[in-house]
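For reference, each letter of the sequence shown is one residue, going 60 to 204 in the numbering used here. The block underneath contains the structure these notes are about, expressed in structure tokens.
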Amino acid sequence: MRDSSESGPRIWSRRSICLAVLFAFLLPPVLVSAQKAGTAGTPKYDLQTETKIKVTVEDVKMPPKGSEKQPVHLLVKIGADTLDVYLCPKAFLDDMGMDFAKGDELSITGSKVKQADADLVLAREVVKGNNTFVLRDGKGNPVWI
60 MRDSSESGPR IWSRRSICLA VLFAFLLPPV LVSAQKAGTA GTPKYDLQTE
110 TKIKVTVEDV KMPPKGSEKQ PVHLLVKIGA DTLDVYLCPK AFLDDMGMDF
160 AKGDELSITG SKVKQADADL VLAREVVKGN NTFVLRDGKG NPVWI
């Protein structure tokens with residue numbers, strides 16, 4: 060019998076190998092579905108609350124440098140109200156060649172949702188001039204994943 064203090068190759072039991080293989084196959088799909096569903100604090104796109112609005116950009120909120128996977132969002136005016144519109148990760152915005160500035164007039168199709176006490180819109184499609192940017196498919200799933 061080996062003493063636990065001895066060094067040398069460790070022999071894996073059949074059970075350990077089976078568990079390792081099981082986790083290797085089950086863990087990636089679980090992580091992907093968790094990423095698609097969002098974390099507990101991330102609102103989910105709701106087709107029942109989808110709306111189309113015409114807005115003017117008041118401010119563009121970029122994520123901090125080094126956080127390009129975090130979403131870009133716009134503070135927009137719709138009448139006298141200000142609304143927060145979440146677009147997509149900065150890296151995707153850059154890949155699509157999208158840029159927004161204060162004063163831009165946009166037409167946005169998106170889902171009105173609540174996060175904590177705040178109302179916000181998860182954008183599915185943004186029209187700026189003659190350019191249409193599709194951020195989510197018809198079911199509201201992000202196209203950048």
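Where a beta carbon is used, it is the ideal one built from N, C-alpha and C, also for glycine.
Determine the closest residue to residue i out of the options, with distance taken between C-alpha atoms.
| i | options | result |
| --- | --- | --- |
| P148 | V193, K173, P122, G169 | P122 |
| L146 | K136, D158, A139 | D158 |
| P130 | K187, V202, K120, N189 | K120 |
| K111 | N190, N189, W203, L165 | L165 |
| T191 | K124, E109, I167 | I167 |
| D154 | Y104, K103, V202 | V202 |
When DSSP labels each residue in this structure, what does residue i get in the three-state scheme?
| i | result |
| --- | --- |
| Q129 | coil |
| K198 | coil |
| K214 | One cannot answer for residue 214 here, as it falls past the ends of the chain, which runs 60 to 204. |
| D105 | coil |
| D154 | helix |
| G188 | coil |
| L81 | Summary for L81: the model assigns pLDDT 42, below 50, so the residue's position carries little reliability; its value from the coordinates is reported in the next sentence. L81 falls in the helix class under three-state DSSP. |
| I204 | coil |
| P122 | coil |
| K161 | coil |
| G138 | coil |
| A175 | coil |
Count the other C-beta atoms from every protein chain shown that fall within 10 angstroms of the C-beta of residue i, then say buried if there are 16 or more, exposed otherwise.
| i | result |
| --- | --- |
| A182 | buried |
| S205 | Outside the displayed range of the chain (60 to 204) lies residue 205, so it cannot be described from this structure. |
| D133 | The sequence shown places Leu at residue 133, rather than the Asp named in the question. Under this definition L133 is a buried residue. |
| P152 | The question names Pro, but residue 152 in the sequence shown is Leu. So L152 counts as buried. |
| L106 | exposed |
| V193 | exposed |
| V185 | buried |
| V114 | buried |
| V144 | buried |
Would you grab the beta carbon distance between residue i and residue j for me? Rounded to a whole angstrom, and I think it's under 8 Å.
| i | j | result |
| --- | --- | --- |
| V180 | L142 | 6 Å |
| V116 | G156 | With a Cβ gap of about 17 Å, V116 and G156 do not count as contacting. |
| A205 | K128 | Since the first residue of the chain shown is 60 and the last is 204, residue 205 is not available in this structure. |
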